[in-house]
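Residue numbers (full-length UniProt numbering): 1 to 266.
Cβ coordinates follow ideal geometry from the N, Cα and C atoms, glycine included.
Computed from a predicted model, the values in this text were never measured in an experiment.
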Amino acid sequence: MEQPSSEVWQPTPPFAYKLNFDAAVFSGLERSRVGAIVRKDKGEVMLTMTTSGPKVNTSEEAELLACRRSLEFAVDAGFTRLIIEGDNVNVIQAISSTLVNHSLLEEEDGAEVPKEEEELIHRLVGRFYTKRVLNVDAVARTFKPLWRTVGELQIRDIGEHILMFEFEDILDLECVLEFEPWSYGKHLVVFERVLDVQSMPYLQFSCAMFWVQFHKILERSLKFETRELIGKAIWKVLQVANLKDDDASGEFLRVRINMDISEPLV
C-alpha cells in the first residue's frame with residue numbers, strides 16, 4: 001500500500017472552509033480507499049468521510065478519484081466555497097488551472113459534480129426560550145436588520161417555540177453563529193446547525209455560547225495559554241479575547257465559552 005504524505009494543517013481565512021482529501025491504494029485487494037475532512041478557520045471539524053473506491057493503477061489516479069468524491073461529498077453537504085488541499089501537486093495544479101477538464105470530476109456514470117450556482121439551502125434551527133407565542137413576521141423584522149444577510153433568508157415555524165432559518169448563502173449562516181449569543185424579547189435563542197432535516201428530532205438545544213468576564217485578575221502578567229486554562233477550568237473555551245484589541249484595557253479577562261444551559265450554574 002502506498003503511504004500518503006503528511007502535512008501540517010494551516011488555518012483558513014475567517015468563514016472559509018478547507019477540504020483535505022487523501023487516497024490509499026491497496027494493490028493486493030483490487031480496491032482503493034478515499035478519505036476527506038472539512039474544517040473551519042480554527043480547525044474545527046465540520047464533516048468527515050471515508051469510503052471504498054474502485055481499483056486504480058497509479059497514485060495520481062487515486063488522488064483524482066479522491067478529489068472528485070470529496071468535492072461531491074462537500075458540495076452535497078452545502079459547502080461550496082472551499083480551499084482544496086491534497087498530497088499530489090499535479091492534481092491540485094490541475095483542478096486550480098483553467099486547463100482542467102471537467103471529465104476528471106465526473107462520476108463513472110457521467111453525472112457531474114453539482115455546480116455552485118445550483119440551489120442549496122443552509123439551515124439553522126433556533127429554539128426560543130420564551131413563553132410568548134412566536135410570530136414569524138415579527139421575528140423576521142427583528143433579526144433581518146441585525147444580520148444583514150447577503151442572500152435570501154426564509155423563516156418557518158415548526159412548533160414548540162422552534163423556528164427554522166434557511167439561508168441562501170452559507171456565509172450569512174456562519175456570521176449568525178460567529179456573533180452568538182442572540183436574544184429575542186430579552187430571552188435567549190439557541191441555534192443548532194442542521195445538515196440533515198431528518199436529524200431535527202434529535203436536537204437538544206442544550207448548549208449556548210457566551211462571552212464571560214473574569215475580574216480581579218492580573219491579566220498583564222498572564223500568558224495566552226494561562227488565560228485559556230482559566231476558562232477551561234469552568235467551561236469549554238471557544239475563544240480568548242486579545243488583550244491589545246479588547247476594549248476592557250486590561251481591567252478584566254473576556255473568554256468565549258460554550259455553556260451547558262441544561263445544568264444550573266451552581
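Residue i, enclosing beta strand (DSSP E) - first and last residue
i      : result
Ala62  : Ala62 -> not in any beta strand (DSSP E); alpha helix (DSSP H) instead, spanning 59-76.
Leu124 : 122-128
Thr50  : 45-53
Arg156 : 153-159
Leu82  : 82-85
Ile162 : 162-167
Tyr184 : 182-184
Close Cβ partners of residue i (< 6 angstroms) along its chain, the five nearest in sequence each way excluded
i      : result
Thr149 : Asp172
Phe79  : Tyr17, Val38
Pro114 : Any reading at Pro114 needs caution, since the residue's pLDDT is 43, under 50, leaving its predicted position unreliable; the model's value is listed next. Val75, listed in sequence order.
Leu265 : none
Gln36  : The question names Gln, but residue 36 is Ala in the sequence shown. Cβ neighbours of Ala36 beyond the five flanking positions: Phe21, Met49, Ser70, Phe73.
Gly159 : none
Arg132 : none
Residue i and residue j closer than 8 angstroms at C-beta
i           : j      : result
residue 267 : Arg127 : Beyond the ends of the chain as shown, which are 1 and 266, falls residue 267; an answer cannot be given.
Glu85       : Leu19  : yes
Ser206      : Asp260 : yes
Leu163      : Asp169 : no
Tyr129      : Ile83  : no
Glu192      : Val125 : yes
Met46       : Phe73  : no
Trp211      : Arg141 : no
Ile121      : Val139 : no
Phe165      : Gly151 : no
Own chain partners of residue i with C-beta closer than 8 angstroms, once the 5 adjacent residues on each side are dropped
i      : result
Asn101 : Any reading at Asn101 needs caution, since the residue's pLDDT is 42, under 50, leaving its predicted position unreliable; the model's value is listed next. Excluding residues within five positions, none has a Cβ falling inside 8 angstroms.
Glu263 : none
His161 : Arg127, Phe128, Tyr129, Thr130, Leu134
Val189 : Gly126, Arg127, Phe128, Tyr129, Pro181, Trp182, Ser183
Trp147 : Leu153, Asp172, Cys175, Val176
Asn57  : none
Cβ neighbours of residue i in the same chain (closer than 7 angstroms, five flanking residues each side left out)
i      : result
Thr98  : With a pLDDT of only 36 at Thr98, under the threshold of 50, the placement of this residue in the model should not be trusted; the figure read from the coordinates follows. Closer than 7 angstroms at Cβ, skipping near neighbours: no residue.
Thr51  : Val34, Arg69
Lys144 : Leu153
Met200 : Val125, Val194
Leu203 : Val125, Glu192
Ala77  : Leu47, Leu195
Where the alpha helix (DSSP H) through residue i begins and ends
i           : result
residue 272 : Limits of the chain in this structure are 1 at one end and 266 at the other, which puts residue 272 out of reach.
Phe143      : 136-147
residue 281 : Because the chain is modelled from 1 through 266, residue 281 falls outside the range shown and cannot be assessed.
Val150      : Counting along the chain, Val150 falls outside any alpha helix (DSSP H), and DSSP gives it neither H nor E.
DSSP bridge partner residues for residue i (one or two, in chain order)
i      : result
Val34  : Ala23, Thr51
Cys207 : Asp260
Arg254 : Gln213
Arg132 : For Arg132, which the question treats as bridged, DSSP gives no partner whatsoever.
Lys40  : Note: Lys40 sits in no beta bridge, so no partner.
Tyr202 : For Tyr202, which the question treats as bridged, DSSP gives no partner whatsoever.
Cβ-heavy atom distance, residue i to the ligand NAP, below 7 angstroms
i     : result
Asn20 : For the structure depicted, the ligand NAP is absent and the ligand set is empty, with no information on it obtainable.
Exercise. Decide if the region 66-83 is in contact with the region 177-185; the criterion is three or more beta carbon pairs, one per stretch, under 8 angstroms apart.
Key: no
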